Structures are given as C-alpha cells and as structure tokens.
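No gaps in the numbering here: position 23 of the sequence shown is 33 in the numbering used here, and each next residue is one more.
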Amino acid sequence: MPKTLFDKVWDRHIVVTETDAHPATLYIDLHLIHEVTSPQAFTVLRERGLKVRRPDRTLATIDHSTPTLINTDGSRPFVTKQAGKQVEMLLANTAEHGIETHGWESAYRGVVHVMGPELGATQPGMTIVCGDSHTSTHGAFGAIAFGIGTTQVGHVLANQSILMRKPKTMAIEVNGELQAGVTPKDVILAIIAKIGVGGGTGYALEYRGNVFSEMSMDGRMTVCNMSIEAGARCGMIAPDETTFNYLKGRKFAPENYDAACADWASLATDDGADFDKVVTMKAEDIRPMITYGTHPGMAMPIDAMVPVATDDTETAALEYMQVTGGAPMTGLRVDRVFIGSCTNARIEDMRAAASILSGRKVASHVKAIVVPGSEQIKAEAEAEGLHDVIIASGAEWREPGCSMCIAMNGDKAAPGELVVSTSNRNFAGRQGPGARTVLASPETAAAAAVMGVITDARTLKGAAA
Ligand code: SF4
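Below, the structure written as structure tokens:
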C-alpha cells in the first residue's frame, strides 16, 4: 500500500492507536523549549513530583524575551523584570533537570526554530514539538513538527508523548520555473493567499514539486515555517540530498550517517500514494508578494492593487492597515523595517537583505533593524562582512532573538507605525499595540528601508545603488 511521507513518519511513532473514543498517543523524538512557554510546565512537574522523562530528547534556548541590544557594561537590558525572570527560570529549570541549554554563553543560542536545525537536532522522520506555533519549520527536514500549548509542554516533559488526532493529508504541488526576484517567502505567501488562512485546517501539508526539491534548506524552512498560517497542523518536504548535505557533520548528526540517509530517503511519499486533497500551482504565476491586511492570507503580488473589501471583516482589516481597496501598496510610507524571525533570519536572508542595502542608505525617516536568527548566523554573516554592509546602510545590526516578530522583548513599533517585516504574522498589534505590519521577503523589506516607501525590490536589483 503506497504511503505518504506523513503517514510513514506518523506510523513510526504510534504508541496507542487512535479510536473514535480517544486520540492516538504519539511518541515525541524532540522537544524544543524556550523561556516563555516552559516555566509553568516545570512548576506543574515540581508540584506533582515528576521528573523530565527524556532530558536527552529535550533541548532549550532563550529567544523570545531576550534583548537584542547589549549595554556597554555587557549587561542585557530586559524590557521588564518579568522578561529577565523568565530567562532565569528557564536556565534554572533546565539545569535542575539536566537539559542541554543554549544560554548566553552558547555559540548556538538563537531562535528555537533556527538553532535546532543548526545543531542537527532536527532530523528527517522525527516527531518534534515546541511551545511555539512555528514549530512547523522543522517539517522542512521531513519531520512531523507542530506547536503545542503550555499544558502540553508539561505533558511532553513528563511522558515524551502527546495525544493527537491524525490529520488528513494535503499535497501542495508547485512546478515550473520561478521568475527572477521570487523568493521562498513569496512562494509561501502565494500559497496561503490561494488556499486561505483556514485552507490547511485539519491537514498535514506536503510541499511537492521541483520548486521545493530545488530549494535550499533555508528556503524550505521559510516555507514550512508558515504552514501554520494556513491553519495546517504541520508542513513537510521530503528529505533528499539537500537535506542530507545540510545535516552532515552537525553536532547531533547520526554516527552511521550513510545508513541514516538511506533510511531517511525511504521516507519520501511512494508513487501512487493518495492525498486527501491536492492543490497545484504554476511557479511561473508567482510574483513577489506582500500582505495588505491583518492575516497572512491577505497577501497579493506587490505590483497588484489591494482587493476591494467584500465584507465587514475585510473592511475593518483595510481600515486598520490604513490601505485602500483598488489602490497599490507600493508607495506607502514606511516607518520601520524588521528583517529577522524564524521565518527569514537565516544566512541566505541576511545575504539577500545585504544585497539590497549594499551601497545604499536607509531612508532618514525609517528605523530598520536586522536581527540574525542565531549566534551561528550572526558569526557567519560577520565573517562574510554582511554586518558592515548593513551598518553602513544605517540599519541596526542586533543580537539574535525573536525581537519584533512578537515584540515581547521591547523591540516594537509605536501605534500607527507601518512596519515592513520578514516575520510570519501580521495580526493587529502583533508588533506593538496599534502597529501595522506588512509581511514580505528580506529583499522587499530592505527595498522598503532604503526607499522609505513600499517598493518592488526588482526595480532596485541591478539598478545603480
Ligand atoms: S521568531 Fe516569532 S514565530 Fe519564531 S519562535 Fe520567535 S516568536 Fe515564535
């Protein structure tokens, strides 16, 4: 019986089979934790006298509340005492339970969905959970990876498994040749615009076709990262040579690597396997994308006109964003630019941003910050001199962390400010109360920074700086 990638990984992890009366019990290979959604879970463990079941399958970092600036005396300016306390508690809890933790001193500290793959902790065929919605990122390696709530974080710490109903499967097939200037962020925004923010609800997505098989791991992570924005449980891409080459030599890579790769290769969806739903798109039809509303499904080609609202919800979204149906997004004045997050803060994103910023100056009325996804990326970018390019443009080069993606650490926009952001959510207030977020690729964000208005980055590429 031909099976999908999802079915193969799912079947390997069933502890108790699902029935009408109860969900399946699924074994979890890797539990990623950070300072925001874990403290309460550890408190519950303590109250109940429980230990962490598999500290060796648990990996911690600090990212959400961490400052992206350092004081001249080396101290970290936490936005609130509570933010600092969250970090202290994470470090204390993981030390108590013997969990590998990438804190201030680690060369691997970073956004949880960036540092896990960098360590090679994320591997094909795994089940991976984290108390963060964008855990779907790890599906880029052919893992079933999804976000869980704080209560479930406690469950997984205590028993290394989770209760879950099996989702249906959806193939998203994109074949053909992408146009110049179209990035992985544009591909996933185009997919979400097509299927809608609820289009993936109840499904595990598998991204298929030459567009994904030819994509780098950085690009695949960008795509899978935003699966949750279509409502999907997870998003996956079949592991292949690109995956194996990425993981080779990383800290947690298996010792018998060739045997591991052979096993991982067998996970690909079999010919003839059925998906519950198939969505197809032509690569040639995708253009650089930008959002105009208050969820990632309200996205359009950057050279298109904002759709006219057809109901009260859309009207309210356009009013919040202060945009007009039938008018372009290009030319709108930008107040801030954020290049970062687990969607777009990897080395290719840093290079893409620097390629636009190089030789140009950030517009005087724009505050632009570039926040690498991890210490590894920061070091790699600095070794390449990208930070010099970024700083010379007038953008700020910050310390790794989630930063303005979720604005928990004090990096946020003022009410009414328009932010062009490479992150994953443009909900009202996500980047500060009253802040207006426009999601886009690093190229588009950098173009907005230097032009001071929303700009099609294709008009700058190849143009004199
Ligand atoms: S960058 Fe944003 S989405 Fe990613 S882990 Fe941090 S808060 Fe979550």
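Just so you know, even glycine gets a beta-carbon here, dropped at the ideal spot from N, CA and C.
Please read all numbers here as calculations on a predicted model, not as lab measurements.
From the options, residue whose alpha carbon lies closest to that of residue i
i, options, result
"ALA200", "ALA214, VAL184, GLY130, GLY212", "VAL184"
"PRO65", "ASN81, ILE38, SER75, ILE80", "ILE38"
"SER223", "PHE151, ARG243, VAL288, ALA168", "PHE151"
"GLY439", "GLY120, SER75, GLY303", "GLY303"
"PRO194", "ALA459, MET461, GLU453", "GLU453"
"ASP273", "ILE401, MET136, GLY341, GLU394", "MET136"
"PHE437", "GLU390, CYS415, GLY420", "CYS415"
"SER403", "VAL463, VAL430, ALA327, SER365", "SER365"
"ILE72", "MET418, PRO443, ALA424", "MET418"
"VAL8", "VAL463, MET99, TRP407", "The requested residue 8 is not part of the displayed model; the chain covers only 11 to 475."
"GLY433", "ALA424, SER451, ASP421, PRO443", "The question names Gly, but residue 433 is Ser in the sequence shown. When each option's Cα is compared against that of SER433, the closest is SER451."
"MET461", "GLU358, SER431, GLY341", "GLY341"
"PRO317", "ALA424, GLU358, ALA203", "ALA203"
"ALA240", "PRO49, VAL124, ALA309, ILE387", "ALA309"
"THR252", "PHE156, ILE357, PRO134, LYS292", "PRO134"
"MET110", "HIS74, VAL163, ILE43", "The sequence shown places Glu at residue 110, rather than the Met named in the question. That would be ILE43, whose Cα lies nearest to the Cα of GLU110."
"ALA155", "GLY350, ALA242, HIS112, ILE205", "ALA242"
"THR53", "VAL89, HIS32, ASP280, ASN103", "ASN103"
"VAL372", "PRO87, ALA456, LYS471, PRO33", "ALA456"
"VAL124", "LEU15, SER431, GLY442, MET231", "MET231"
"THR290", "ASP421, ILE182, TYR330", "ILE182"
"THR147", "VAL97, VAL233, VAL89", "VAL233"
"ALA70", "GLU324, PHE88, VAL89, VAL46", "VAL46"
"PRO338", "ALA314, THR279, PRO443, ASP359", "ALA314"
"VAL197", "ALA34, LYS292, GLN92", "LYS292"
"THR126", "ILE24, HIS32, SER384", "Going by the sequence as given, residue 126 is Gly instead of Thr. Of the candidates ILE24, HIS32, SER384, the one whose C-alpha sits nearest the C-alpha of GLY126 is SER384."
"MET331", "ARG356, SER276, GLU106, HIS305", "HIS305"
"MET11", "LEU100, THR279, GLY335", "THR279"
"ARG435", "LYS13, ILE300, SER171, LEU40", "ILE300"
"SER374", "LYS176, ARG343, LEU396", "ARG343"
"GLY84", "GLU106, GLY108, TRP114", "TRP114"
"MET225", "ALA445, GLU358, GLY259", "GLU358"
"ASP228", "MET360, ILE312, GLY282, GLU216", "MET360"
"LYS2", "THR353, ARG58, MET180", "The question about residue 2 has no answer here: the residues shown for the chain are numbered 11 through 475."
"ALA93", "PRO49, HIS107, ALA362, THR465", "PRO49"
"GLY426", "GLU390, GLY420, ARG468, VAL448", "VAL448"
"GLY209", "LEU40, SER237, GLY191", "SER237"
"THR320", "GLY444, ASP295, GLY336", "GLY336"
"GLU329", "ARG446, ARG370, CYS271, VAL376", "ARG446"
"GLU106", "ALA117, LEU55, ARG119", "LEU55"
"ASP421", "VAL89, HIS165, LEU15", "VAL89"
"GLU216", "CYS271, PHE285, GLU392, ILE205", "PHE285"
"THR117", "LYS388, THR469, ALA424, GLU406", "The residue asked about is misnamed: residue 117 is Ala in this sequence, not Thr. Here the closest residue by C-alpha is LYS388."
"PHE16", "ARG86, TYR213, GLY307, HIS41", "TYR213"
For residue i, the residue or residues it bridges with in DSSP
i, result
"GLY245", "LEU215"
"HIS112", "THR71"
"GLY444", "Partner(s): none; GLY444 has no beta bridge."
"CYS140", "LEU42, GLY157"
"MET291", "VAL184"
"LEU477", "Here the chain has residues from 11 to 475 only, and residue 477 is not among them."
"ILE5", "Limits of the chain in this structure are 11 at one end and 475 at the other, which puts residue 5 out of reach."
"GLY120", "SER384"
Query raised in the report: Taking the runs of the beta strand (DSSP E) that are 3 residues or longer, which of them lie wholly in the region 404 to 440?
Result: 428 to 431
Query raised in the report: How do the region 406 to 418 and the region 65 to 80 stand: do at least 3 beta-carbon pairs fall below 8 angstroms, yes or no?
Result: yes
Query - Length-filtered (4 minimum) alpha helix (DSSP H) runs lying within the region 297 to 379 - result: 322 to 331, 357 to 367
Query - the region 137 to 148 / the region 156 to 168 touching (three or more Cβ pairs under 8 angstroms) - result: yes
Query raised in the report: Is the region 174 to 192 close to the region 214 to 223, with three or more CB pairs under 8 angstroms?
Result: yes
Query - the region 118 to 133 touching the region 262 to 278, judged by at least three CB pairs closer than 8 angstroms - result: yes
Requested in this report: Report yes or no: do three or more beta-carbon pairs, one from the region 349 to 368 and one from the region 387 to 405, lie closer than 8 angstroms?
Outcome: yes
Query raised in the report: Does the region 379 to 392 come close enough to the region 312 to 332 that 3 or more CB-CB pairs lie under 8 angstroms?
Result: no
Query - Every unbroken alpha helix (DSSP H) within the region 85 to 111, with a cutoff of 4 residues, ordered by chain - result: 91 to 107
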